[in-house]
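To keep things clear, I will list the structure first and then write my remarks on it.
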Amino acid sequence: MQDYECVFTIYVRTGSIIKGGTDSIVSLRLYDDDGEYILIRDIEAWAGIMEPGHNYFERGNLDIFSGRVPCLSGPVCAINITSDGSGPHHGWYVNYVEVTSTGPHRNCAQKQFSIEQWLALDTSPYELSAVRNYCPYSLDKARLKGGDKIRSGPRPILASKASA
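Residue 9 is where the sequence shown starts when you use our numbering, and the numbers rise one by one after that.
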């Protein structure tokens, strides 16, 4: 499916640890069990649905994002959540990411990914990404589905469905 027919709702819980919030740009890859994924380059710009002026990814927050994306072949079984490390407060402690999805002629699917990790270069594990994989394959074999397609408009930037 080349159209943006499926609705994904993403919940991100930031830890209550002091200095656990971030001002960085956060991206998210969502993988299915057929070896395909979609990439949301800036989750806040893509589909942040909190009240106007809300400060996303702050200590103790549960932030919600919901938008249309191209449908994956199956439910999400792996994620890669990444901070770009920008901003005055780049370190970020992520508790969990929960993903729900639905679309035409598809069952609703829901999966929670426990992260419990700092995304920072100045504290262990010294990484800006966290990967949680429950798929039946190694994620380095996954491919960006479809063709090079970037959605623009009032809620930029969802890059999705491109061949690797």
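Just so it is clear, CB atoms sit at the ideal spot from N, CA and C, and this is done for glycine as well. Note that this is a predicted model, so its numbers are computed, not measured.
Under 7 Å between C-beta atoms of residue i and residue j
i, j, result
"G111", "C79", "yes"
"L86", "F73", "The displayed chain sequence assigns Ala, not Leu, to residue 86. Contact flag unset, no."
"V102", "V84", "no"
"G43", "A150", "yes"
"D50", "G95", "no"
"Y12", "R76", "yes"
"A138", "Q125", "yes"
"P144", "D41", "yes"
Secondary structure of residue i, DSSP reduced to three states
i, result
"A5", "Here the chain has residues from 9 to 172 only, and residue 5 is not among them."
"E66", "coil"
"S160", "Any reading at S160 is ruled out, since the residue's pLDDT is 36, under 50, leaving its predicted position unreliable."
"I57", "coil"
"E135", "strand"
"E44", "strand"
"I18", "strand"
Member of the options whose CA lies at the smallest distance from the CA of residue i
i, options, result
"I123", "Y19, C14, D11", "Y19"
"V105", "R140, Y12, S94", "R140"
"F121", "S24, R37, S81, A53", "R37"
"E135", "S91, L152, Y142, D148", "S91"
"S146", "N88, H62, P60", "N88"
"R21", "S132, W100, D40", "W100"
"D148", "G23, Y64, Y45", "Y45"
"I57", "D41, H97, F16", "F16"
"F65", "E59, L152, V34, I48", "V34"
Residue i classed as buried or exposed, judged by whether at least 16 other C-beta atoms fall within 10 angstroms
i, result
"L129", "exposed"
"I26", "exposed"
"G68", "exposed"
"S109", "buried"
"C8", "No information on residue 8 is available, as it lies outside the stretch 9 to 172 that the chain covers here."
"Y142", "exposed"
"L70", "exposed"
"G61", "exposed"
"S24", "exposed"
Minimum Cβ-Cβ distance from residue i to chain C less than 7 Å
i, result
"H113", "Absent from the structure is chain C; it holds one protein chain and no more."
Please give the ranges of any beta strand (DSSP E) in the stretch 63-131, keeping only runs that are unbroken, at least 3 residues long and fully inside the region.
70-77, 84-91, 100-110, 117-127
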